[in-house]
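Participant:
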Amino acid sequence: MSSRNAACSLRTTGTFTSSLANTKHIPSTHTLSLQQHRSYLYLPTSWTELQLRLRATLFEHKREIQVRLKESWNDKKAAWAERRVARQIRWTTRRLQSQHWWQEQQRRRKQVWQKSKSWLQRKTYNSRVMITEYSEQDWFDDWGRPLTSRDETGRFVNPWRSISTDGVHSFRTLWNWRWDRLRRDWKAFGWNIFRPDWESLWKLFRSTSLSRLTEKPNPTTTSCSRNTILQPPDQDGSVRMTWIGHATCFLQHSDFTVLTDPIFGRRASPYPNTPIGFAREVPPACSIEDLGERIDVCMISHDHYDHLDLESVRKLRSVVQLWFVPLGIAEWLQQHAQIPQERIIEVKWWDSVRLERDNLTQTWKVAQRYSLEDAPYHHPSLDRLTNPHEAWLTCLPAQHWSSRSFFDRNYRLWSSMACHFPSEQLFYFGGDTARPDSFPLFEQIRDYLARPIDLAALPIGAYAPAELCRDAHMHPHEAVQVHEALRAQRSVGIHWGSFPLAEEPLNEPADLLHECGVEQFDTVEHGAAVTIPVRGNVSEIAMSA
3 MSSRNAACSL RTTGTFTSSL ANTKHIPSTH TLSLQQHRSY LYLPTSWTEL QLRLRATLFE
63 HKREIQVRLK ESWNDKKAAW AERRVARQIR WTTRRLQSQH WWQEQQRRRK QVWQKSKSWL
123 QRKTYNSRVM ITEYSEQDWF DDWGRPLTSR DETGRFVNPW RSISTDGVHS FRTLWNWRWD
183 RLRRDWKAFG WNIFRPDWES LWKLFRSTSL SRLTEKPNPT TTSCSRNTIL QPPDQDGSVR
243 MTWIGHATCF LQHSDFTVLT DPIFGRRASP YPNTPIGFAR EVPPACSIED LGERIDVCMI
303 SHDHYDHLDL ESVRKLRSVV QLWFVPLGIA EWLQQHAQIP QERIIEVKWW DSVRLERDNL
363 TQTWKVAQRY SLEDAPYHHP SLDRLTNPHE AWLTCLPAQH WSSRSFFDRN YRLWSSMACH
423 FPSEQLFYFG GDTARPDSFP LFEQIRDYLA RPIDLAALPI GAYAPAELCR DAHMHPHEAV
483 QVHEALRAQR SVGIHWGSFP LAEEPLNEPA DLLHECGVEQ FDTVEHGAAV TIPVRGNVSE
543 IAMSA
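Converting from the sequence shown to our numbering requires adding 2 to each position, the first position being numbered 1.
Here it is in structure tokens:
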């Protein structure tokens, strides 16, 4: 499958549709009739929630959203214009630095950026998107961007699809899933599926050490040595991303380090020392001790057990300087991990935080916070000159849900995130997200960041069965479409090969992604590293093991 077929297409009607919607892996779009008369797994916890469900399922709610995107009619022309502007900035900077014209340098660089921004802002077009599920007008801003929103019960929602993506499944869906699995196992094993495997049961109740995990070395893991894999990048400003496993990535800059969704335990479960939950099939590429004595920022996308592990957070408490989390997780970190409030940065969608480095203490601290009201058109970093002692963190939307028990569903926000490194590289972290069928979410993210994404970490696993997972996770073919929508220069598949979260085989996501044939989007082995050079270098992003 080519990248052209995998790309998200804009039809003449103005709605965004998927060219792969009819394939056997990606079912067609939800219709409202499928969401009527469904029995909920979670019982309503209040009269308000019962009223909300009845209103949302028994009545049709259609709303037309006007989406504005600052794009050119010719994507290649826009990309070349951005490259030309960046090249002019580099040439001007080197020439003026050699002659020490600092004041003139600032003036001319600001002038170039103003020309670039005005050119991009003129290239705007409007598109109308039909929202078929219940929504409110104040869930979207004037540009059609989804805002951090709650329903009447106080739970967070995905504004473009508030009903079918709330993490609730019907008894019928769960029964069909278990019945299909029973039929598949019966076809493979016959009566043996009812006979206990005493050896497997003994392994479940054995010690919680990671020794048994080495019995399944597929996909291939790389033992993490502090002198090889986690060696800091060169002092030329490049960034090295090491995939530790699942959604845990470790990014190293000469002055700035970032860790994402830490889980180093053997089981994604509320009770990791019991057989409850998902056992890890492949151990993490390194331990927390291998990460060093200090990590500047830890980014957490949401509160699911395979992304927010209590034991790992407690071990990282004395190592991580700042925690960048969406709404609701700060209280959890303070209550369960005893992390001080001053070290937690809690944000909502489209919020940005500018960090500055203290030269005396060599630590990073919050210099300024920006919301969508402060920078409604583009990322606030475009209005500032490049500073080698600054870094930016941005919280962005995602289609997912949150829960750590039966009683706190969607009371904490979920998100994707972006990080601007001091040397201007832009990293996008997808966390755990699905791709909306008819809403241009990732086009809006790319449009707001207004800079080329140097590296994107996109989830590609936990997509089967599709009836259960398509509203919260992405199939590898859908991830290719997201890669094209973000216009990332390079993407790496994460959220696969570590935990058996769904029905697909452990290595199938990587195989399906390779079949797509997109050179800029691939997977790496556990412990492998991806190097992001300084923006403007001719060399491509390198892959190293």
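We put the beta carbon where it would ideally sit given N, CA and C, even for glycine.
What does the alpha-carbon distance come out to for the pair Gly-463 and Pro-511?
Facilitator: 6 Å
Participant: Could you pull the start and end residues of the beta strand (DSSP E) that Arg-242 belongs to?
Facilitator: 241-247
Participant: Arg-157: which of Ser-404, Glu-283, Ala-459 sits nearest, CA to CA?
Facilitator: Ser-404
Participant: Measure how close the beta-carbons of Cys-300 and Phe-326 come, nearest whole angstrom, since I'm counting them as under 8 Å.
Facilitator: 7 Å
Participant: May I have the straight-line CA-CA distance separating Gln-68 from Cys-471, to the nearest angstrom?
Facilitator: 28 Å
Participant: Buried or exposed, going by whether 16 or more other CB atoms sit within 10 Å of the CB of Asn-275?
Facilitator: exposed
Participant: Spatial neighbours of Arg-152 within its chain, please: CB distance less than 8 Å, with the 5 preceding and 5 following residues excluded, ordered by chain position.
Facilitator: Phe-158, Val-159
Participant: Using only the alpha-carbon positions, how far apart do Pro-382 and Trp-352 sit?
Facilitator: 11 Å
Participant: Whole angstroms is fine: what's the gap from Pro-342's alpha carbon to Lys-367's?
Facilitator: 14 Å
Participant: I'd like to know whether the C-beta atoms of Val-536 and Gly-279 end up nearer to each other than 8 Å.
Facilitator: no
Participant: Taking the straight line between their C-alpha atoms, what separation do you get for Leu-428 and Phe-409?
Facilitator: Rounded to the nearest angstrom, the two C-alpha atoms are 37 Å apart.
Participant: Does the stretch 309-319 come close enough to the stretch 444-457 to have 3 or more Cβ pairs within less than 8 Å?
Facilitator: no
Participant: Can you confirm whether Ala-393, when its beta carbon is compared against all beta carbons of chain B, has any partner nearer than 8 Å?
Facilitator: Given the protein chain composition of this structure (a single chain), no chain B is represented.
Participant: Relative to the C-alpha of Trp-394, which candidate in Pro-378, Ala-400, Glu-375, Met-419 has its C-alpha closest?
Facilitator: The option with the nearest alpha carbon to Trp-394 is Met-419.
Participant: Using the Cβ count rule (16 or more neighbours within 10 Å means buried), how would you classify Lys-189?
Facilitator: exposed
Participant: Just list the residues that DSSP pairs Thr-396 with in beta bridges.
Facilitator: Ser-354, Ala-420
Participant: Which first and last residues belong to the beta strand (DSSP E) in which Trp-325 is found?
Facilitator: 322-328
Participant: Could you check the C-alpha separation between Arg-147 and Pro-467 for me, to the nearest Å?
Facilitator: 30 Å
Participant: Which class does His-149 belong to by DSSP, given the choice of helix, strand or coil?
Facilitator: Reading the sequence as shown, one finds Leu at residue 149 and not His. When secondary structure is reduced to three states using DSSP, Leu-149 falls in the coil class, being assigned neither helix nor strand.
Participant: Less than 8 Å between the C-beta atoms of His-402 and Ala-474, yes or no?
Facilitator: Taking 8 Å as the Cβ cut-off, His-402 and Ala-474 qualify as a contacting pair.
Participant: Reducing DSSP to helix, strand and coil, say where His-516 ends up.
Facilitator: helix
Participant: Any idea what DSSP makes of Leu-460, helix, strand or coil?
Facilitator: In the three-state DSSP reduction, Leu-460 falls in the strand class (E or B).
Participant: To which residues of the same chain is His-497 closer than 7 Å at the C-beta, ignoring the five residues directly before and after it?
Facilitator: His-248, Ala-249, Asp-434, Pro-461, Ile-462, Gly-463, Ala-464
Participant: Can you tell which of Val-526, Pro-272, Asp-298, Leu-362 has its C-alpha closest to the C-alpha of Arg-406?
Facilitator: For the residues Val-526, Pro-272, Asp-298, Leu-362, the minimum Cα distance to Arg-406 belongs to Pro-272.
Participant: Compute the Euclidean distance between the alpha carbons of Glu-313 and Leu-293, then round it to the nearest angstrom.
Facilitator: 16 Å
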